[in-house]
Amino acid sequence: MIIVGLLALIASAALAQDAGHSPSGSLSTGFKFTERTGEELYANVCQGCHMPEGKGAIGAGAYPPLAGDKNLEANAYPVSIVVNGQHGMPPFGEMMNDDQIAAVVNYVRTHFGNNYQDAVAAEDVKAVRR
Amino acid sequence: MTETMGVRAATGAGRGTAFSRRDLLSLIGTVAGSAAMYQAMSSLGFASDSGFKGRIELGGDVRGASVLILGAGLAGMTAALELRKAGYKVQVLEFDRRPGGRNWTLRGGDTFTELGGFTQTCEFEQGLYFNPGPWRIPYHHRALLDYCKRLDVALEPFVELNHNALLHSSNAFGGRPQRVREIQADFQGQIAELLAKAAGQSKLDEAVSTEDKEMLLQALRSWGALDENYAYKANLISARFRGYAKGPGGGLDAAPLPCEPLKLHDILKSRLWRALQTFAVHELQTTMFQPVGGMDMIGKAFAREVGDLIRYDAKVTRIAQDEGGVTVTYMDAKTPAFEQTAKADWCVCTVPLSILSQIPIAVGDRMKAAIDAVPYMSAVKVGLQFKRRFWEEDEAIYGGISYTDLPIRQIAYPNMDFNRGGKGVLLGAYIFEGANAYEFAAMPPAERVARAVALGTSLHPQYPAEFENGVAVAWHRVPFTLGCAGYWTDEARAAHYDDLCQIDGRIVLAGEHASYIPAWQEGAILSSLDAITRLHHRVVKT
């Protein structure tokens, strides 16, 4: 009963404003992410800065949009950025394994107006790690 | 040892009249050098843990020099206050519409739009507030405390350790929260019992002399609340520390009853002992403080002094310098098409590196590499208003923090207006680094609030019935910082920190990112004081 009530609370709160993609139900239980698919990882992690639909955001500085992003063409580039970070962006190499990084890179490279079909494999991620 | 002797000798060589402390210190400094001076200062209670050397004196003729300060957070406003006092012409550019930066408080009626366009209006009752950023001040953050004193910011205690607050693990004790005092007394008591047993069986004889062993056993009995047989068990000795099944009362039927301690095995497995370590760290040791009325009382107090120098809504787009001075290009946030410039002889730049790394800046390769080398951490805080202060009324929790392994990590109780009834605002989540901090940042604000309520119900079942409204701040979504604070690894510090702090031509950087106390206000102020002192020496010398 309490659980049903809480879910209703979450649903109504989320409906109260333009939610974008809501993160999927379960949250990670430790330092590392437990999400597996590229879609989940994007919605639960990347979206915090790069925003729903990869549209980016602008404040005193900017989060670059990933929608229609030509920099994603060379697949090693996004892999390297996710593993090592860049400028203010934190590195995610310690928080995601090779499969997760490959999954989220492949997701971004085939969504938001990007259509790069040369998928990244876990081995490609391993090669980027120092 | 020799330094202490030196101090004695110097004192003994006095003129027979009463030495002032200042006389004594200057004599020690002359005779024994600065290391002895520092040691003597420490023993006299002058020197401060954070490296604050006392109020700065920027003496000498600045000959009309001007300084442009970028950012009106605590680092920027410290620089503005001190440099104007020293005679500089000062102007400040600030991206936001208010002073303070991360020194920030949300109250009823405040509206905040985060990156992505999500807007929240805080609906707290008048008088209630929530600090999305810094919320506590250690007693050894002497620079910040000194500015609070100078600027007349009233402080009150911030309760870090409340023995009656909760420690909660979702996988231990059937998910039931335990009290801090129970975990602390039972953990300590049973460790003492184990050690006493080992000592009694002569298993510590190689490490402890016979004489010390006697004292050790006495100490363990006292420290661990052990009985005459060196056992920790349910009795009125342990109850004095862990609390009673039935507390001592008055009149008939008032005798206290002890309760059964938790088993050591269960405590170890629960990992709740980790929270005891949190309470013990120097950074969080009592006494801690908070400004009366909200952390932003500090930023507002600075702005009373230097607010007339600040140009708000100014987004910096380029920082140029040559032999003649510094030229900063900026846009008015309201009319972004129109670029303006500000010029000065010198520049103190406190812009967070998450933003500065994106701004074209005319500095050498080494400083530029340092600016680019620091990622910004994720942190999320949620403030929740409840109809009544059930944590006080039902659970006798007055201030302090409960810790949990759930994604919310902490629930912190208000440290003021105790025992008065009425509504109250809790910190319903403080999530710092780790996967959950990113996951909460990726949610729309209303969902962060809803999740905090749902999760917090495991600690306080009153939540669903008493919850009224909430606000949630995810620091990666804050337009003026793009992150919580700079994250320095040891490797990055070794490679870049000094380059970040050096004066590059006419530009010097300051802020928590240019300190060894990252994410603390003290780091921002100390960094600023150090930067402007070095800058001033250069100005007066040339």
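If you read the protein sequences in the order shown, they are chains A and B. Here my numbering = 1-based position in the first sequence + 1321. Here my numbering = 1-based position in the second sequence + 1. Every residue gets a Cβ at the ideal spot worked out from N, C-alpha and C, and that includes glycine. Here the structure is a predicted model, which is why all the values come from computation and not from measurement.
Are residue i and residue j close, meaning C-beta to C-beta below 9 Å?
{"i": "G189/B", "j": "G225/B", "result": "Contrary to the premise, residue 189/B reads as Gln rather than Gly in this sequence. Closer than 9 Å, so yes."}
{"i": "K316/B", "j": "F119/B", "result": "no"}
{"i": "N1418/A", "j": "A1381/A", "result": "no"}
{"i": "H548/B", "j": "W392/B", "result": "With chain B covering 2 to 543 only, the question about residue 548/B has no answer from this structure."}
{"i": "P100/B", "j": "G384/B", "result": "no"}
{"i": "T79/B", "j": "I533/B", "result": "yes"}
{"i": "I372/B", "j": "L501/B", "result": "yes"}
{"i": "G55/B", "j": "L75/B", "result": "no"}
{"i": "K198/B", "j": "Y148/B", "result": "no"}
{"i": "P139/B", "j": "E523/B", "result": "yes"}
{"i": "E194/B", "j": "L221/B", "result": "yes"}
{"i": "H1371/A", "j": "S355/B", "result": "no"}
{"i": "G109/B", "j": "Q127/B", "result": "yes"}
{"i": "G1/B", "j": "P1373/A", "result": "Here chain B covers residues 2 to 543 and nothing more, so residue 1/B does not appear."}
{"i": "F113/B", "j": "V472/B", "result": "yes"}
{"i": "P290/B", "j": "R137/B", "result": "Pro is not the amino acid found at residue 290/B; the sequence shown has Phe there. Taking 9 Å as the Cβ cut-off, F290/B and R137/B qualify as a contacting pair."}
{"i": "Y517/B", "j": "N163/B", "result": "no"}
{"i": "N437/B", "j": "S1349/A", "result": "yes"}
{"i": "A240/B", "j": "L258/B", "result": "yes"}
By the DSSP assignment, the beta strand (DSSP E) with residue i in it spans what residues?
{"i": "K316/B", "result": "315 to 323"}
{"i": "G326/B", "result": "326 to 333"}
{"i": "P446/B", "result": "Here P446/B belongs to no beta strand (DSSP E); instead the alpha helix (DSSP H) covers 446 to 457."}
{"i": "G77/B", "result": "Taken as a continuous stretch (DSSP letters only), G77/B belongs to no beta strand (DSSP E), being part of the alpha helix (DSSP H) at 75 to 86."}
{"i": "I192/B", "result": "Taken as a continuous stretch (DSSP letters only), I192/B belongs to no beta strand (DSSP E), being part of the alpha helix (DSSP H) at 181 to 201."}
{"i": "L168/B", "result": "167 to 169"}
{"i": "K90/B", "result": "90 to 94"}
{"i": "I398/B", "result": "First-last for I398/B: undefined, no H or E at that position."}
{"i": "M289/B", "result": "289 to 292"}
{"i": "F468/B", "result": "468 to 475"}
{"i": "Q278/B", "result": "First-last for Q278/B: 274 to 281, but that is the alpha helix (DSSP H), not the beta strand (DSSP E)."}
Can you tell which of the options has the C-alpha that lies nearest to the C-alpha of residue i?
{"i": "F433/B", "options": "G487/B, T287/B, G401/B", "result": "G487/B"}
{"i": "I320/B", "options": "R449/B, M296/B, R85/B, Q359/B", "result": "Q359/B"}
{"i": "H477/B", "options": "M1416/A, Q1368/A, E1394/A, A1397/A", "result": "Q1368/A"}
{"i": "Q1421/A", "options": "Y1363/A, T1431/A, N1392/A, Y1437/A", "result": "Y1363/A"}
{"i": "G325/B", "options": "Y313/B, K344/B, T318/B", "result": "K344/B"}
{"i": "L483/B", "options": "D500/B, Y498/B, Y439/B", "result": "Y439/B"}
{"i": "K86/B", "options": "V352/B, T106/B, G250/B, G65/B", "result": "G65/B"}
{"i": "A443/B", "options": "S1347/A, H1432/A, G1351/A, N1365/A", "result": "N1365/A"}
{"i": "K159/B", "options": "T287/B, F387/B, E58/B", "result": "It is Phe, not Lys, that sits at residue 159/B in the sequence shown. The residue with the shortest Cα to Cα distance from F159/B is T287/B."}
{"i": "Y498/B", "options": "D418/B, V472/B, A374/B, F441/B", "result": "A374/B"}
{"i": "L265/B", "options": "Y245/B, K150/B, A186/B", "result": "A186/B"}
{"i": "I402/B", "options": "Y148/B, H141/B, V91/B, R180/B", "result": "R180/B"}
{"i": "N1427/A", "options": "Y1384/A, P1411/A, V1446/A", "result": "V1446/A"}
{"i": "I526/B", "options": "L69/B, G60/B, L82/B", "result": "L82/B"}
{"i": "A166/B", "options": "Y89/B, R539/B, P415/B", "result": "P415/B"}
{"i": "G1375/A", "options": "G1434/A, Q1438/A, D1439/A", "result": "G1434/A"}
{"i": "W347/B", "options": "L273/B, L116/B, G506/B, L162/B", "result": "G506/B"}
{"i": "K542/B", "options": "G52/B, N437/B, D62/B, E261/B", "result": "D62/B"}
{"i": "T336/B", "options": "Y313/B, E161/B, T351/B", "result": "Y313/B"}
{"i": "S223/B", "options": "Q191/B, F387/B, A473/B", "result": "Q191/B"}
{"i": "A235/B", "options": "E261/B, E115/B, P292/B", "result": "E261/B"}
{"i": "Q411/B", "options": "H538/B, E284/B, V381/B, L510/B", "result": "V381/B"}
{"i": "I73/B", "options": "V349/B, K214/B, T328/B, R367/B", "result": "Strictly speaking, residue 73/B in this sequence is Ala, with Ile absent from that position. Of V349/B, K214/B, T328/B, R367/B, the residue nearest in Cα terms is V349/B."}
{"i": "A1424/A", "options": "G1389/A, I1379/A, A1440/A", "result": "A1440/A"}
What first and last residue would you give for the alpha helix (DSSP H) that runs through residue i?
{"i": "A1423/A", "result": "1419 to 1430"}
{"i": "S529/B", "result": "522 to 542"}
{"i": "E1394/A", "result": "Segment: none, E1394/A is in no alpha helix (DSSP H) and carries neither H nor E."}
{"i": "W347/B", "result": "Counting along the chain, W347/B falls outside any alpha helix (DSSP H), though it belongs to the beta strand (DSSP E) covering 347 to 350."}
{"i": "S355/B", "result": "354 to 357"}
{"i": "L59/B", "result": "Careful: L59/B lies outside any alpha helix (DSSP H) and carries neither H nor E."}
{"i": "M216/B", "result": "211 to 225"}
{"i": "F242/B", "result": "237 to 243"}
{"i": "P158/B", "result": "Counting along the chain, P158/B falls outside any alpha helix (DSSP H), though it belongs to the beta strand (DSSP E) covering 156 to 159."}
{"i": "S379/B", "result": "S379/B -> no alpha helix (DSSP H), and no H or E assigned at all."}
With 8 Å as the C-beta to C-beta threshold (strictly closer), list the residues of the region 137 to 161 of chain B near chain A in chain order. none
Please list, in chain order, the residues of the region 93 to 126 of chain B that have any C-beta partner in chain A closer than 7 Å. F96, L116, G117, F119
Report the residues of the region 1394 to 1423 of chain A with a CB closer than 7 Å to any CB of chain B, ordered along the chain. Cβ contacts with chain B come from G1406, H1408, G1409, M1410, P1411, P1412, M1416.
Please list, in chain order, the residues of the region 1352 to 1370 of chain A that have any C-beta partner in chain B closer than 8 Å. F1352, K1353, F1354, T1355, A1364, N1365, V1366, C1367, Q1368, G1369, C1370
Closer than 8 Å, Cβ to Cβ, to anything on chain A: give me those residues from the region 207 to 225 of chain B, in chain order. none
Select from the region 474 to 488 of chain B all residues with a C-beta closer than 8 Å to any C-beta belonging to chain A, and list them in chain order. A475, H477, R478, V479, P480, F481, T482, L483, G484, Y488
Quick check on the DSSP output: what are the complete beta strand (DSSP E) runs of length 3 or more inside the region 1343 to 1374 of chain A, in order along the chain? none
Contact residues within the region 427 to 444 of chain B, judged by C-beta distance below 7 Å to chain A: G435, A436, N437, Y439, E440, A442, A443, M444
Chain-ordered residues of the region 234 to 250 of chain B with a beta carbon less than 8 Å from chain A: none
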